[in-house]
Each structure stands twice: as structure tokens, then as C-alpha cells.
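Novice: There's a structure below that I have some questions on.
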Amino acid sequence: MMKKTTKFMLSMVATAIALSSSAAYAETQEDGINIGGAVRVNYAYKDYSEESKNKGGDFTFDMAAIKFDGKKGDWGLAAEYRFTSSTDYIKYGYGFYDIDPEWQLQLGITKVPFGNPGFISNSFWFGIPYYLGFEDDHDVGVKAIYESNGWQTDLAFFKNAEYGPTENKRYSTDLYSGTIAASGIEYHNEETNQFNVRQTYTTEYAGGSTTLGGSVQYGQIYNSKTGNNGDRYAVALHLDSSYQGWNLQLQAMQYEYDAADAVDANKIAVSVVSWQYEIASKGQAYSANIAKTFNTDWGSVKCYNDFGLMTPDVADDYADSMQNVTGCAISAGPTYTMVDFIMGKNMTFATANNDHVGLPEIGDDWDKRVNVSFGYYF
């Protein structure tokens, strides 16, 4: 059976989708639907795996994607579907309507407006909020976006996640309903009736810009076994500032999943990219990322360091989770390559024995791995 870390790499695509120049290689129309996509392969070396060390790592197919993006008049469409060696799934897919130059309405599988707009990470590996369900999440609902004079307001209602709660083939992290092998606990939770508000303000100046903002999220947790509802919330403050090629991202957030009729109120199950694991049901997550972009004659190189810390606020024996990613992203024509050195402590996907976030730690070590992602965008 394919290991969960391999499945993860076969499905993950980081900020290259948003940051690369893929749109330039899609079919361009002034008023119509553009078609583009990507093909990616991946090299992974895990210092904590004897098998990986003996083989010198693994070189695998990551994914292929097809994207549709464009509009006719005031109506538009945006969608992306991904194919890996083991599964396929939708990342997002929604229609939108430009009410006027300041307001846009979106309906479908659209991005949840929470945290730093875009990403709170630079690397292929994302930040800790992603593994908790709060970075680059996409759910089914309706969203209104207002933009004027540097202000942006996002208002959204999501009825549920993009797939059912028993499904683990998904791009972004959502609550999971099923049994977790590590603990043997069977969960019956699913997301429903979620409200989001995010307010940001961007000021521009010579050499760069700064975006400050705050986010609030509230929703219910339905227990399919008992029929009862719990609730959940998250709040965050975030900053994204750029100056002469430098970029600083800061974010602090608190969240709580208060599931009804929980077997263990200290933790809850989530799933993402064909895997499922447990996270502390309440805690804080802090992100601090710095990057520098160097322009060249053939493209650009962005080097970065992303650090994340999760502090659980539950039982005393639950431990902090940490992740640090140092790397560079290389853009050249239609290609985008990310070279990352990942260090993890008590962190899922980045450690040998701790397949969770914020639970009691097995051992007391930092594990290390190298990941190189090669992508061609068209």
C-alpha cells in the first residue's frame, strides 16, 4: 500500500499555481474561457527513512491539472481539476458575477476567506494552518467580495465541504468521518453551515505594499451518529508586506473544534490528499515567513524561510507542533521549480512517528527531509 507521505507528495501543489506565470501560456481571449493546466513531477528524500536513504530518495509523478478561467460579459467561470497516480479530485469550481466594479459574487466550490489572502506560506509544503484546515481551503457555498481604495471585504456562507466527510481524496483539509488507525477512534463529524468574514486593507508605497487584515470563521459540526450539532470557530490577524523584493508574512490565529458527543474532546479527525489524521481540537497557530525575490534575465528566483508553530490548548500532555521550511522557487518561462528542506517536530507529513498535529509527542526529535518539485505550466 502506498505510504501516506508518498500520497501527500503525489497530490500537493504549492503556491506555484498562484505565483507562476501559467496564465501567459494558456489560451488567451479577451472575452471567453481560457484553458490551461500543469504537469508536475517530484523528488523526495527522507532523512528519517532507511528505505529512502538506501535508495537515494524517490522520483515520482506528482500530478496533472486542467484549469478553466474566463468570463463572458459580467459572468465568469473558474475551475481546476487534478489527476494523480492514485486518484483525482476537484480543487475549486465556481461561477461568478461582477455586480459592479466593486462587488463580485461567487457560487460553487470557492476559496474560504480566512487568514492571509493567497497563502500563509511560500513553499511546496504549505504552512501549519493548512494541516489544521485554515490555509487554501475550498468549500461549497456563496461568497461576496468587495474591493475599493485598498479595502477588501469577503463575506461567505459555506453549506459543507467539497466532498463528503468519509472521503479523504481532497485538495484541502476538512473534518473526517471514519476510523483513525493510530488511535482506533471512530469519528462521525462533518462540517456544515459555516460563516466567514475577512477584512483587509492594502497600502501601496514606492517599492512595495503592505496588507493588514483580520478573519473570523464560525460553523457547526454535525454528528452523523447521534444527530447532534457541535460548533467550531477560528479567528486570525495577518500581515503581508513587500518592499524591494523582500516579503514578510505574519499570522496569529486561534481555533476550536467543539464536536458534539465526542469520544475524546481533546482531539478531532481531519483528512486531506488521500490521508486522515488527528489534530488537537483547540489551540493556536503562529506563522512567520520571510522571502527575497531575485529577478534574472531568464526569470526569477525566490528564496524563503517559512516557520510555523502550533500550541495546543487541551490536555497537559499534548505537545507543540513545529515546522520549518527553507527553500527556493525558480521561475523560468513556463516552468516552476521548488527546492525545499523541511524540518518537522511532532508534525504530520514531516516526521517519522508523529502523524498528527498537537497531540502527545513520540520522541523529542526534529526530523528532516528534502523535496524538489518540477512543474510545467501551459
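Under the working numbering, the first residue of the sequence shown carries the number 827, and numbering increases by one thereafter. We treat Cβ as the ideally placed atom computed from N, Cα and C, and that holds for glycine.
1. Is Asn1197 helix, strand or coil by DSSP?
2. Cutting at 8 Å between CB atoms, please list the residues of its own chain near Gly1071, excluding the five before and the five after it.
3. For Gly1153, which beta-bridge partners are listed by DSSP?
4. Who are the Cβ neighbours of Val1196 in its own chain at under 6 Å, not counting the five residues just before and after it?
5. For a test of the three-state rule: what should DSSP assign to Lys1171, helix, strand or coil?
6. Under 8 Å, with one C-beta from each stretch per pair, do the region 1140 to 1160 and the region 966 to 977 reach the 3-pair mark?
7. Have a look at the DSSP bridge pairing and note the partners of Val1096.
8. Can we say the region 909 to 925 touches the region 983 to 1000, given the rule of at least three CB pairs closer than 8 Å?
9. With Leu1224 as the anchor, note down where its beta strand (DSSP E) starts and where it stops.
10. Distance check for Thr1018 and Ser949, CA to CA, integer angstroms please.
11. Could you name each continuous beta strand (DSSP E) segment of 3 residues or more that falls completely within the region 910 to 969, going from the start of the chain to the end?
12. Just the C-alpha distance for Val867 and Ala890, rounded to the nearest angstrom, thanks.
13. Examine the Cβ distances between the region 880 to 889 and the region 1061 to 1078 and report whether three or more of them are shorter than 8 Å.
14. Are the region 1047 to 1059 and the region 926 to 937 in contact at 8 Å, needing three or more beta carbon pairs?
15. Expressed to the nearest angstrom, what Euclidean distance is found between the alpha-carbon atoms of Ser998 and Val966?
16. Taking the alpha carbon of Ser1009 as the point to measure from, which residue in His1182, Trp1192, Val1099 has its own alpha carbon closest?
17. Using the rule of at least 16 other Cβ atoms within 10 Å of the residue's Cβ for burial, across every protein chain shown, is Tyr957 buried or exposed?
18. Hey, how far is the Cα of Asp980 from the Cα of Thr1026?
Specialist: Working from what's here:
1. Annotated three-state conformation of Asn1197 is strand, per DSSP.
2. Cβ within range, chain order: Lys1118, Thr1119, Phe1120, Asn1121.
3. Beta-bridge pairing links Gly1153 to Tyr1130, Asp1166.
4. Take Val1196, set aside five residues on each side of it, and the residues of its chain with a beta-carbon closer than 6 Å to its own are Tyr871, Phe1167, in chain order.
5. In the structure shown, the three-state DSSP call for Lys1171 is strand.
6. No, because fewer than three Cβ pairs between the region 1140 to 1160 and the region 966 to 977 fall closer than 8 Å, the two stretches do not touch.
7. BP columns for Val1096 point to Leu1001, Tyr1103.
8. In short, these stretches touch, since the Cβ pair count reaches three.
9. Beyond the ends of the chain as shown, which are 827 and 1204, falls residue 1224; an answer cannot be given.
10. Straight-line Cα distance between these residues: approximately 30 Å.
11. Fully enclosed beta strand (DSSP E) runs of 3 or longer: 914 to 924, 929 to 937.
12. The alpha-carbon atoms of Val867 and Ala890 are separated by roughly 9 Å.
13. Judged by pairs of C-beta atoms under 8 Å, the region 880 to 889 does not touch the region 1061 to 1078, as fewer than three such pairs exist.
14. They do not touch, by the three-pair rule.
15. If I take the Cα positions, the gap works out to 12 Å.
16. The option with the nearest alpha carbon to Ser1009 is His1182.
17. That one is buried.
18. Roughly 9 Å separates the two Cα atoms.
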